[in-house]
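Working notes, beginning with the structure itself.
Chains as they are written, first to last, in our numbering: chain A, 1 to 205; chain B, 1 to 205; chain C, 1 to 205.
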């Protein structure tokens, strides 16, 4: 593990970077989870562990916020940034858990593409977090996340179109939609993270 | 009725306490509603009345907000607190109404447990509201609500697992999910209330 | 087209008015879409074009926000107002697209009523936007939108009641709910717009 999620003397920048790096790991595990049936129980547990790690990171931010006299940007924005990063992780972990508990087997190829978009979102988010310090080069980040989220929306629509094409019965559609909706929610939550960063940047400008 | 929901000369603290006490009543009625088939129509009407009472309480806050020169905390936080308390009530009333309109009979035991968690959320929320005045002893409250909401999430997952276990057909799953989703939304809205209180406390610290 | 959505030297008031006027057009097209089966593909494309126009309007607001030293109200409120207007358009476009991709035929009459409420919401919103300048006569607007959204909620419940009445099978219910949920989301987003306007007015009062 290249970072500590409960750092001492760390700055908010380090904490957000740690949270986002945790999401890079989680989206990577989710990719393996989708493709490798035989390891699903094991990988769902790994995601549960990453989610707990993420929770600790979120609460470290909140504790730091409560004990800091001066903060680098508005307290609400710090709060929202930590919460939105947490929402991404929750949706990723839920997606995997729902695959397991509905007993789904092979998943539609579109879900693999949804996860690939989430992996890219996680990477650009993790790359952007350290740049909050100098408040430079951030617009590229939120523009890319907005564009990735647009792609994710289109993909989600295409997946719905396939679900209702007659290939699946009502029960299968219900199960697949549980999972697809969580993946879509993860993409939305990445966009919310980018929106908070944009809000912070707008205030500073 | 131990409180008035349209108080004269009352403070925001009294108003929030009244709103939350209304939720204690509503979650109690919802418990009876789930368990007693024969009284469902009557109890759904009672919930509708409580929801109207809640609406009046919410609008009393908004009116007071518009006519107050000085407010005890940020106007947006007062607004959000009133709205989030209102969201809890809306979800509770919707859950009961959806049971009636989908014609569901006996409900899975997990729903009774969901409602028990909502009853506890309502109680700790009603107990916490008067403490906003001195801004003391609030962290225990939001920590407990966060933990209750975590339990509610797990319970919701367990319920989904049961719904997809093969025991129910697609139509029954659809109906039960309508209700389960509203109960889950009520738990989320209680967490939002706690988050606003935490936000207020963070600003004051 | 009576307005330009990428105005030069324009004020925020003009931009919000343009966005809301775009929604008047979109809800009108959606009405035709629901009633005229034969033109659905064509009208769904028209809605897609209006959505792109709306996106441009939203981004024009964001660019103006980034380049403005002084803004008529809080930057976050301008941001939220633009985002919420954008959410309405997204939901309207999605509703039409979902009808096409699920291959639904004749739709329940309640959906036509949902769209009629959205048309009224769009009209009162477009009428209110220019009044942001003088900050006068706005409470009538948000009171009407809140009341329209209440009606929309009731209508949505009545539609659900019909969906579960036994008239439709699980697959049809699933498809119809996809559309109904987007229409309900559009009504909610109109209420969010009205809430932001109320927030702005509360701050100014």
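A virtual CB, placed ideally from N, CA and C, is assigned to each residue, including glycine.
Determine whether the beta carbon atoms of residue i and residue j lie at a separation below 8 Å.
i                      : j                      : result
residue 101 of chain B : residue 161 of chain C : yes
residue 170 of chain C : residue 176 of chain B : no
residue 115 of chain B : residue 23 of chain B  : no
residue 145 of chain B : residue 179 of chain B : no
residue 190 of chain B : residue 61 of chain B  : no
residue 17 of chain A  : residue 129 of chain A : yes
residue 163 of chain B : residue 112 of chain B : no
residue 126 of chain C : residue 47 of chain C  : no
residue 84 of chain B  : residue 196 of chain B : yes
Which value, in whole angstroms, describes the spacing of the CA atoms of residue i and residue j?
i                      : j                      : result
residue 67 of chain B  : residue 167 of chain C : 51 Å
residue 52 of chain C  : residue 106 of chain C : 27 Å
residue 73 of chain C  : residue 198 of chain C : 12 Å
residue 118 of chain C : residue 13 of chain A  : 43 Å
residue 20 of chain B  : residue 201 of chain B : 18 Å
residue 122 of chain B : residue 149 of chain A : 37 Å
residue 86 of chain A  : residue 131 of chain B : 28 Å
residue 203 of chain C : residue 151 of chain C : 28 Å
residue 78 of chain B  : residue 140 of chain C : 22 Å
residue 206 of chain B : residue 82 of chain B  : Residue numbering for chain B in the displayed model covers 1 to 205; residue 206 of chain B lies beyond these limits and cannot be assessed.
residue 91 of chain C  : residue 36 of chain B  : 39 Å
residue 103 of chain A : residue 11 of chain A  : 42 Å
residue 216 of chain A : residue 174 of chain A : Since the first residue shown for chain A is 1 and the last is 205, residue 216 of chain A is missing from the structure and cannot be characterised.
residue 193 of chain C : residue 80 of chain C  : 8 Å
residue 65 of chain A  : residue 15 of chain A  : 11 Å
residue 2 of chain B   : residue 28 of chain B  : Note that residue 2 of chain B scores 44 on pLDDT, short of 50, meaning its location in the model is unreliable and no value can be drawn from it.
residue 32 of chain B  : residue 41 of chain A  : 39 Å
residue 45 of chain A  : residue 155 of chain A : 27 Å
residue 147 of chain B : residue 56 of chain C  : 43 Å
residue 158 of chain B : residue 120 of chain B : 20 Å
residue 69 of chain C  : residue 63 of chain C  : 12 Å
residue 138 of chain C : residue 181 of chain B : 35 Å
residue 165 of chain B : residue 153 of chain B : 18 Å
Say whether chain B places a C-beta atom closer than 8 Å to the C-beta of residue i.
i                      : result
residue 202 of chain C : yes
residue 154 of chain A : no
residue 92 of chain C  : no
residue 161 of chain C : yes
residue 66 of chain A  : yes
residue 175 of chain A : yes
residue 109 of chain A : no
residue 75 of chain A  : yes
Exposed or buried, which one is residue i when buried takes at least 16 other CB atoms within 10 Å?
i                      : result
residue 143 of chain B : exposed
residue 38 of chain C  : exposed
residue 187 of chain C : buried
residue 54 of chain B  : buried
residue 71 of chain B  : exposed
residue 109 of chain B : exposed
residue 184 of chain A : buried
residue 93 of chain B  : buried
residue 58 of chain C  : buried
Determine whether the Cβ of residue i lies closer than 8 Å to any Cβ atom of chain A.
i                      : result
residue 180 of chain B : no
residue 157 of chain B : yes
residue 46 of chain B  : no
residue 97 of chain C  : yes
residue 27 of chain B  : no
Examine chain E for any beta-carbon lying closer than 8 Å to the beta-carbon of residue i, and answer yes or no.
i                     : result
residue 78 of chain C : Here the protein chains are A, B and C, and chain E is not one of them.
Is the beta carbon of residue i within less than 7 Å of some heavy atom of the ligand COA?
i                     : result
residue 82 of chain A : In terms of ligand content, the structure shown is empty, and the ligand COA therefore cannot be addressed.
Report yes or no: is there a C-beta of chain C within less than 8 Å of the C-beta of residue i?
i                      : result
residue 18 of chain B  : no
residue 103 of chain B : yes
residue 13 of chain A  : no
residue 40 of chain B  : no
residue 63 of chain B  : no
residue 171 of chain B : yes
residue 71 of chain A  : no
residue 164 of chain A : yes
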